[in-house]
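Residue 285 in numbering that gives the first Met the number 0 sits at position 286 of the sequence shown; the count goes up by one each step and never skips.
Quick reminder that beta carbons are idealized off the backbone N, C-alpha and C, glycines included.
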Amino acid sequence: MTTSTRHRHILRSLPLLASALGRRYGVTIRIGGTEAYTDGNVIQLPALPVQYDESFINLVRGYTDHEAAHIRHTDFDVLKRAQSPLERHVFNILEDWRVENAMSTIYPGSRRNFRWLIRYHFLNPDREPGNDKGTLVLDWLLLTVRSWDEPDLHSRCRKLGAMMDIGWPWLRLHIEAILHTMQGHCPDSRSCLQYARQVIDLLKRASCECGSTEEVPPSAPNKNKQAASSSLDCAPSERSASHGAQSGPPFSSDAHYAEVLQKLLRASEDNLPEDMSGVTGRSIAASVQNTPDSATLVVAQEGAKTITKLAPDALWEAEQATAGMRARFHGLLQAAHFVRGSNARRGRLDTHALHRTAVDDPRIFLRQIQRPGINTAVHILMDCSGSMRKRIHLASQATYAVAKALDHTGINIGVTAFPATYQKQIGWASVRPLIRHGERMHTEFSLASGGSTPLGPALWWVMQQMLPLQESRKIVLIITDGDPDCSSAAKEAIAAAQKTEIELYGIGIMSSSITELIPRKSQVIWTLPGLAPAMLSILKQALLPTS
C-alpha cells in the first residue's frame, strides 16, 4: 500500500480524520454521545455513522475547523462582557468571520471547508431567510459578512438589503460603514466586540429616532450623547456613520418598524436565530439520531481506574516468563539485524577473494548487507472487563511480561487497559493508559476487572494514538478473553486498522473468541508458561522478514 493510499483511507475514516485534525490544530476532539458542541476546550462530536456520504464528511470537517478556530483564536472572557443576548449574537456573527480568516491564514486548506459550510447553509434553496421583520436586520448582517468569502451570496444580500431599506432607510448604509472598517482591521475578539456594540448603538438610535419626537424616551438624548462620545474612539468612517445616525434622515419609516427594533433589542437568546455553529452541530447530530448503535462509531475516552504494582509473587512469575521470552526474542531479532558480507563487483577489496581473478571472476570486492531492522511500535490493548474476573491475574502478568520483553529489545511500546470507569455520556467506552509511547517501563499493571468489553471504541482510540508515531510499522496486540460488546463495531475498527496499515494480532486468555475476529494472527494461552511460545509464534509472523 502506497503512502498516498494510506492517507486517503485516513481521510475517509472520520475517527482518524478527527484525530488528525485535532493534532494539527492543537485541540481535543471526542467522538461519542448524541450531541455536537464545544465547551471552549474540547470539540465533542456525536457517535458517527459507519456509512456516510461526502456531504456528511464535509459537514464534520467544516464544523471541526470552525470550532477549532474559536478555541485557538477567540478570547472567551471577552464574550462574557456582552451586555445583552443581541450583542452576543452580533458579536458571534462578526467573530465567526474573524476566526475563520485567522485560521485560513495559518491553515490554507481550512478555507475550502469554510466555504463549503457557507454554501451549504446559505445557498441551499430550502434555507431561505424567513420573513420575520425582527430578524431581517440580523439575516442581512449575517449574509453580508459571509458574502466577503462567498461572492455568490451578493444577490441574496441585495434582496434583503432592499427589504431592509423599506422599513429603515439609511440604516443599512450606516452599518455597512462599520462593517467596511471591521473588514479592514479587526485583530482580536476585543475589537470584534467593539464593532458589535457600534452596531447595537445604531439599532438603539434607530429604534428611538423614528416617527415623531414625542416617541423618543426622555433618556434618549443622554444615550445619544454617550454613543457619540464612544464613537470618538472609532475610525473616521465609523464616526461619519455615527454622525449620520444623529443628524441625517430618520432610520425608520414609521412607528411600527421602531417597535420591531425595540422588540429585537429586548429579545432573549431563545428568540434570536441560531448561529452557524449551532445549526451545523444540530445537523450532524440529526444525521445519526435514528441510526442504531450497531451502525455507529464511538471512540473511547480516557477515564480513571485504580492501578497498583504487581504483587511480589506475581511479579516474580512474570519476570521468569519475561526472562525466557527475552532470550527467545533476542535470538529472533538478531536475525533481523544480522550483518553479513558477500562478494560483489564493487565495494571494498576483499583480500581473501583475490584467487577469483585466476578464473576471471570479478567478484573480488566485499559488500556489507544488512537486513531491514526493527523499526516498530507495538501497543498492547488489555481487556479488563467483568468477564475477566477469574483471568485478570493471568492477563495482567501476561501483559507485563510481553511489554517487558518488547521494551528490552528496544521496541517502542504502549499499554492500555479497557474499559475504565463508567461515564454517563459514553457508558463503558473508556480506556486507561498504563504506559504511553515513549514512557519508561514500570510494574504498575495490577488492576481490577469490571464493566463490558468495548473493543471497537478502544481500538479506535489506540489507532488515534499510533498514527502520529514515527515508526514505519505499527502493531496492536489485543489481549482479551471473550467477545466484544458489539461485533460489528469491532470489525469496523479492525477493517479500518488494516486499511491504514496498522497490523493486528491477538492473544486469547482461556478463550478462542479472538481467533474469530483476527484469524491466523491470534494465539490462545491457558497458563503463564504458555505465553512464551504463543508470543514467539506471533513475533515470528509479525517482526521478522518473510524472505
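Residue i versus the options, residue with shortest Cα-Cα distance
i, options, result
"LEU202", "SER154, LEU135, ARG472", "LEU135"
"ASP148", "ARG110, ASP131, PRO528", "ARG110"
"PHE113", "SER512, THR279, ALA447", "THR279"
"TYR504", "GLN522, ALA494, GLU491", "GLN522"
"TRP525", "ARG519, THR514, SER510, ILE517", "SER510"
"TRP115", "PHE55, LEU16, THR479", "PHE55"
"GLN82", "GLN193, ALA68, VAL59", "GLN193"
"HIS72", "GLU175, TRP96, LEU152", "TRP96"
"GLU94", "VAL77, TYR106, MET387", "VAL77"
"HIS173", "ILE199, ILE117, THR27", "ILE199"
"GLN424", "ALA285, VAL259, VAL297", "VAL297"
"VAL461", "PRO483, ILE517, HIS436", "HIS436"
"GLN422", "ALA299, ASP292, GLY21", "ALA299"
"MET102", "ASN91, ALA489, ASN270, THR63", "THR63"
"VAL302", "VAL26, LEU405, ALA457", "It should be noted that the sequence gives Gly, not Val, for residue 302. Minimum Cα distance to GLY302 is reached at ALA457."
"GLY108", "PHE328, ARG23, ILE537, ASP187", "ARG23"
"TRP427", "ILE434, ASN123, ALA416", "ALA416"
"GLY32", "HIS392, ASP74, ARG345, PRO291", "PRO291"
"ASN91", "PHE75, HIS351, ARG171", "PHE75"
Start and end residues, beta strand (DSSP E) containing residue i
i, result
"PHE417", "411–417"
"HIS392", "HIS392 -> not in any beta strand (DSSP E); alpha helix (DSSP H) instead, spanning 391–407."
"PRO432", "429–434"
"GLY133", "Looking at the DSSP string, GLY133 is not in any beta strand (DSSP E); the run it does join, the alpha helix (DSSP H), is 132–146."
"MET162", "That residue, MET162, is in no beta strand (DSSP E); its alpha helix (DSSP H) goes 153–166."
"GLU502", "501–508"
"LEU535", "Taken as a continuous stretch (DSSP letters only), LEU535 belongs to no beta strand (DSSP E), being part of the alpha helix (DSSP H) at 530–541."
"MET381", "375–382"
"GLN522", "521–524"
"ARG29", "27–30"
"VAL475", "472–479"
Same chain only: Cβ atoms within 6 Å of residue i, ignoring 5 sequence neighbours per side
i, result
"ILE410", "THR375, VAL377"
"CYS156", "LEU142, THR143, SER146"
"SER239", "In this prediction, SER239 has a pLDDT of 39, which is less than 50 and means its spatial position is unreliable; nothing more can be read from the coordinates."
"SER395", "PHE444, SER445"
"ALA317", "GLN396, TYR399, ALA400"
"GLN550", "With the chain covering only 0 through 546, there is no way to say anything about residue 550."
"ASN57", "TRP115"
Residue i burial status per 10 Å Cβ neighbour count (16 or more: buried)
i, result
"LEU353", "exposed"
"ASN289", "exposed"
"ILE165", "exposed"
"ASP138", "buried"
"SER12", "buried"
"THR14", "The amino acid occupying residue 14 in the given sequence is Pro; Thr does not appear at that position. The residue in question, PRO14, is buried, as its Cβ has 16 or more Cβ neighbours within 10 Å."
"VAL358", "exposed"
"LYS132", "buried"
"LEU44", "buried"
"MET440", "exposed"
"SER471", "exposed"
"ASN40", "exposed"
"GLU53", "exposed"
"GLN469", "exposed"
"ASP549", "Here the chain covers residues 0 to 546 and nothing more, so residue 549 does not appear."
"GLU66", "buried"
"LEU476", "buried"
"LEU380", "buried"
"SER429", "buried"
Contacting residues, own chain, Cβ-Cβ under 8 Å from residue i (five flanking each side not counted)
i, result
"THR442", "LYS308, LEU309, LEU314, TYR399"
"ALA294", "PRO48, VAL49, GLN50, SER487"
"ALA266", "PRO84, LEU85, GLY133"
"VAL89", "LEU137, LEU140, ALA195, VAL198, ILE199"
"THR305", "LEU446, ALA447"
Residue i, enclosing alpha helix (DSSP H) - first and last residue
i, result
"THR290", "Run containing THR290: none; DSSP gives neither H nor E here."
"THR63", "53–72"
"VAL259", "254–264"
"VAL49", "Unbroken run through VAL49: none, as it is neither H nor E."
"GLY183", "170–183"
"GLU85", "Note on residue identity: the sequence assigns Leu, not Glu, to residue 85. Start and end: 84–105."
"ILE513", "513–516"
"HIS120", "108–121"
"PRO186", "Note, PRO186: premise wrong, no alpha helix (DSSP H); not H, not E."
Near the ligand SAH: residue i beta-carbon under 7 Å from a heavy atom
i, result
"THR526", "As for the ligand SAH, it is missing from this structure, which has no ligand bound."
Residues near residue i in its chain [Cβ-Cβ closer than 7 Å; skip 5 each side]
i, result
"HIS69", "THR37, VAL98"
"ARG347", "PHE364, LEU365"
"GLU438", "none"
"ASP349", "ASN342, ILE363, PHE364, LEU365"
"MET181", "LEU93, TYR194"
"LEU527", "GLU316, ALA320, LEU393, GLN396, ALA397"
"MET324", "ALA400, ALA404, ALA531, MET534"
"ASP484", "SER451, THR452, PRO453"
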